[in-house]
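Which chain is which? The protein sequence lines are A and B, in order.
In terms of the working numbering, the first sequence has 7 at position 7, counting the first letter as 1, and numbering is strictly consecutive.
In terms of the working numbering, the second sequence has 26 at position 26, counting the first letter as 1, and numbering is strictly consecutive.
The beta-carbon is built from N, C-alpha and C at its ideal position, and this holds for glycine as well.
Please read the structure below before turning to the comments.
Protein chains: 2
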Amino acid sequence: MSTFDAHDLDLNRIPAVVHDRLSGFLDSKDEDIAAIGTPVSDAVSYLRSFVLNGGKRIRPLYAWAGFVAAGGLEHSSEKIEAVLDAAASLEFIQACALIHDDIIDSSDTRRGAPTVHRAVEAYHREHSLEGSAAHFGESVSILAGDMALVWAEDMLQDSGLSAAALQRSRPAWRGMRTEVIGGQLLDIYLEAHANESVELANSVNRFKTAAYTIERPLHLGASIAGASPELIGALRNYGHDIGIAFQLRDDLLGVFGDPAITGKPAGDDLREGKRTVLLAKALERADRNSPAAAAAIRAGIGKVTQPADIAELAQLIRETGAEAEIEEMIANLTTSGLEHLETVTMPAEVKTLLRDLAIRSTERRM
Amino acid sequence: MSTFDAHDLDLNRIPAVVHDRLSGFLDSKDEDIAAIGTPVSDAVSYLRSFVLNGGKRIRPLYAWAGFVAAGGLEHSSEKIEAVLDAAASLEFIQACALIHDDIIDSSDTRRGAPTVHRAVEAYHREHSLEGSAAHFGESVSILAGDMALVWAEDMLQDSGLSAAALQRSRPAWRGMRTEVIGGQLLDIYLEAHANESVELANSVNRFKTAAYTIERPLHLGASIAGASPELIGALRNYGHDIGIAFQLRDDLLGVFGDPAITGKPAGDDLREGKRTVLLAKALERADRNSPAAAAAIRAGIGKVTQPADIAELAQLIRETGAEAEIEEMIANLTTSGLEHLETVTMPAEVKTLLRDLAIRSTERRM
């Protein structure tokens, strides 16, 4: 693997570097996996494709930004490759989260390709194996997600970070994993209970998205660099606000988004019955102003399957005025998130970078 | 939590001490979980019951034995509470493995009580929640298992072991988690492929059981105490042989065991279609001596559901002579496993203890 001049590592290069670190890490596991048996190498190849073809690397980007914000490039004695591996390890947590969520949400596609459980199900069917193809697909995917989760730990622990930096990373790492799993548990409980509380829907956004995607990755990177409590506090506050705004944008896209941009069917959240802040606000407003609309929204959510019914339900939600209220919340959270950056000193280019990321995260899906 | 005079900690007290450590750890997570939301505390309560009502604590026992074998009580400067937490953390890996395996095996009961996914399914039904009760039960259980897996890491990393001991624990910890997940992946692939290879069935025993249950826990405890490579090698060899013998005993019980002792229905492995070494050996022998019996075994495995058909299939397997061959393998592995202990020096009482554990593990289910 190549070495880096960290000062050359501008943000646009991070996703490619993360890809290389992940690829190298996966290569390092090949021998151990092959020793268990060829079928396991086959199973792990699904995880490999998923991780290497994946996403915008937003969590590693934020972790790197946290490290740089804390002056890591100037003052830290940690090896840059080790810091990059720690940042890249977040992609394995994300792989577990997405592979398991796709089972939970019964999703067929992800990033324009079949989800892992559907791909394994197809393999089972093509080879006319024993037992239920669907159950086999889910079983392999549960285990592939588990493997991703333990490899996240391995990639961090074996990154080459100093013992002191690993110790400093504990609060962020510990918080993040419990929060994302807890947030996802809350999400499915709210869906099953047909929750209408804005407060609980906000908690899902806070823990499942904001903490996991922005606040804790920044916290992790800053801790590795040995940041002050003040800087960590400011970065976490930024992450809290921008992360919630990011999820509110996602909620709007889940109801009103263009499938060509979101990569998901129009109104997917309505079909699935997701208990978003948008939905809770729409019901609150409809209860005040139009009981008939409130009843129609309650009857449709999680039940609609036809595009025309989905579009009609989206229109009912729009007419409550909840969309405009959410847009205002996004604008306010973006403002307050950026203000937190002004309370502390950090390199000017990092402030610019966090400002850019905030705008990219909240204006449209990254 | 009480402190310990480690020299008073005989093996019989370890399960109770492990229970207390696990209970204390779970208490320490309560506040973080409650902050995410009450429904998450409800979900986590299933994990709590599962972990605290669980099993014989065989993995923590072996980890503790490894620590004592390496002279940890005399020569180590690690805090005893930290070592016990590291040993107890293995129970969270086990919780994840069992909760996820029960989904994969579609098991209804575990330790005489409903499995977690069935218990959550019943909760969904009792409260007439939205969506499929069975799917909700599986979804919550996937996430509860994920939580257990990250809490295993937390309990080890936050145990208070020194940075040096944590570093020494890496090979055992890293190997164990990949091996148990890889072994379980191999197991379900062999089942789906109707595998008849003795060698691959042996690999499942080696990685899913022997490494995970005995070899790596011993390795972990010995590493924490700073054991020599020779001692670690001898303990691992012991663990390899005794662990495989333990699984072969389990395979015999899965076909011929008394439900009153195993806690599972008679012949459960036959109903499930488990591709055990016992089955592979039976088919090998039947192919040589009785093609009609071989055909009947192949037709029945994984297909039988009625008690009479299960009993008939078990009888066919017994008549191949495979049962006697497996008994001989168990006896040979127990002998060779115990011989490994004679190649190194360790406190006499630890040798007695490992000898006792070997006999308890291989003579009947622990």
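Residue i vs residue j beta-carbon contact at 9 Å
i                      : j                      : result
residue 99 of chain B  : residue 47 of chain B  : yes
residue 54 of chain B  : residue 95 of chain B  : yes
residue 224 of chain B : residue 25 of chain B  : no
residue 326 of chain A : residue 252 of chain A : yes
residue 91 of chain B  : residue 51 of chain B  : yes
residue 178 of chain B : residue 36 of chain A  : yes
residue 226 of chain B : residue 65 of chain B  : no
residue 87 of chain B  : residue 217 of chain B : yes
residue 150 of chain B : residue 116 of chain B : no
residue 187 of chain B : residue 56 of chain B  : no
residue 333 of chain B : residue 282 of chain B : no
residue 160 of chain B : residue 272 of chain B : no
residue 248 of chain B : residue 278 of chain B : yes
residue 206 of chain B : residue 175 of chain B : no
residue 337 of chain A : residue 239 of chain A : yes
residue 155 of chain A : residue 85 of chain A  : yes
residue 293 of chain A : residue 320 of chain A : yes
residue 146 of chain B : residue 102 of chain A : no
residue 83 of chain A  : residue 72 of chain A  : yes
residue 214 of chain B : residue 242 of chain B : yes
residue 164 of chain A : residue 219 of chain A : no
residue 330 of chain A : residue 245 of chain A : yes
residue 185 of chain B : residue 308 of chain A : no
residue 23 of chain A  : residue 33 of chain A  : no
Bridge-paired residues (DSSP) for residue i
i                      : result
residue 152 of chain A : Its beta-bridge partners do not exist; DSSP assigns none.
residue 109 of chain A : A:114
Cβ-based burial, residue i [other Cβ within 10 Å; buried from 16]
i                      : result
residue 75 of chain A  : exposed
residue 267 of chain A : buried
residue 230 of chain B : exposed
residue 39 of chain A  : buried
residue 60 of chain A  : buried
residue 127 of chain A : exposed
residue 368 of chain A : Only positions 1 to 366 of chain A appear in the structure, and residue 368 of chain A is not among them; the question remains open.
residue 3 of chain A   : With a pLDDT of only 49 at residue 3 of chain A, under 50, the local geometry of the prediction cannot be trusted, and no value is derived from it.
residue 323 of chain A : buried
residue 191 of chain B : buried
residue 250 of chain A : buried
residue 118 of chain A : buried
residue 276 of chain B : buried
residue 305 of chain A : exposed
residue 209 of chain A : buried
residue 367 of chain A : This structure cannot settle anything about residue 367 of chain A, because the visible part of chain A is limited to 1 through 366.
residue 153 of chain A : buried
residue 169 of chain A : buried
residue 29 of chain B  : buried
residue 302 of chain B : buried
residue 110 of chain B : buried
residue 148 of chain B : buried
residue 121 of chain B : buried
residue 349 of chain B : exposed
residue 21 of chain B  : buried
residue 112 of chain B : exposed
Cross-chain neighbours of residue i in chain C, by beta carbon under 8 Å
i                      : result
residue 170 of chain B : In the displayed structure, chain C is absent; the protein chains listed are A and B.
| Along the chain, which unbroken stretches of the alpha helix (DSSP H) at least 4 residues long are found entirely within the segment 34-89 of chain A? | 38-52, 58-69, 72-75 and 80-88
| Per the contact definition of three or more C-beta pairs closer than 8 Å, is the segment 250-268 of chain B in contact with the segment 335-343 of chain B? | no
| Between the segment 193-203 of chain B and the segment 124-136 of chain B, do at least 3 Cβ pairs fall closer than 8 Å? | no
| said: Could you tell me which whole alpha helix (DSSP H) segments of length 4 or greater appear in the segment 278-315 of chain A? | reply: 291-300
| What are the complete alpha helix (DSSP H) segments, minimum 4 residues, inside the segment 135-215 of chain A? | 163-192 and 198-204
| Is there contact here, the segment 354-364 of chain A with the segment 9-19 of chain B, by at least three beta-carbon pairs under 8 Å? | Because the criterion of three Cβ pairs below 8 Å is not met, the segment 354-364 of chain A and the segment 9-19 of chain B do not touch.
| Contiguous alpha helix (DSSP H) assignments of at least 4 residues, all confined to the segment 318-365 of chain B | 322-341 and 348-363
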